[in-house]
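Inspection log for the structure reproduced underneath, given as structure tokens.
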Amino acid sequence: MALESELEDAFDETMNGTASVSDFIACSLKCVKEHNKPESLAYGFALYSTKLIINYLQIGDFGIAKKLFHNYVDLLLPRAGMHEKTSDVASNALVLGIHAKDQEVCNKIFGKLLGGDDYDVTQINNEILLFNISCYFAIHEDKAALLPAVKQALKRGKRASEFMHDDDFSQYHEDEDFLEVLKE
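Add 66 to a position in the sequence shown, counting from 1, and you land on the number used in the working numbering.
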């Protein structure tokens, strides 16, 4: 329990500005190495990484957000494993990859967080992640991948109007196939 509290304290201190992101990363690495069951930290790693990534996305510090993402994917995930909250890391890191125009981040999301060669949009339940995946495919003009992602996002709770009001989809607003998926 001590390591879990230490991780939470490091997160809180980073969020309130009394500690640096480097301090949080150092603490997370210490926790994953010293815990006899690092998989029990998977939720905390995903939750805190997500919240910190969002924080740095909101202030426009993509460099720090990337540092947090790479720490999670490259150093924490291999030891602690996946958790349902990992989809939140993927979702927000996809926003990061899109806004920072960083294909390496996007490739890592699809390769390590979304199943790599086994990626299957129908197995994703997080509607925000599905919406962000749809944005990614729209921006990259990959209609064949876009349509199933939109369909799954709608199935999981997104509204058609959200796709029509987001600029990422503007080039598809008159596309018959896109509009047909939105009507389903």
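Virtual Cβ for every residue (Gly too), placed ideally from N, Cα, C. It should be emphasised that the depicted structure is a prediction, and the values quoted were computed from it without experimental measurement.
Give me the Cα-Cα distance between V171 and L196, rounded to the nearest whole angstrom. 17 angstroms
Are there 16 or more other CB atoms within 10 angstroms of the CB of S227, so buried, or fewer, so exposed? exposed
Kindly give me the distance between the Cβ atoms of R222 and N198, rounded to whole angstroms, as I take these residues to be in contact under 8 angstroms. Actually they do not touch by this definition, with Cβ atoms about 12 angstroms apart.
Run through DSSP, which three-state label would A219 get? helix
Within a Cβ cutoff of 6 angstroms, which residues of the same chain sit near V139, ignoring the five residues on either side of it in sequence? K174, K178
Could you spell out where the alpha helix (DSSP H) holding H165 opens and where it closes? 152–165
Kindly confirm or deny that the stretch 114–133 and the stretch 145–157 touch, where touching means at least three C-beta pairs closer than 8 angstroms. yes
How many angstroms separate the CA atom of L142 from the CA atom of K224? 31 angstroms
Over what stretch of residues does the alpha helix (DSSP H) that includes D272 continue unbroken? Outside the displayed span of the chain (67 to 250) sits residue 272, for which this structure offers no information.
According to DSSP, is M81 helix, strand or coil? helix
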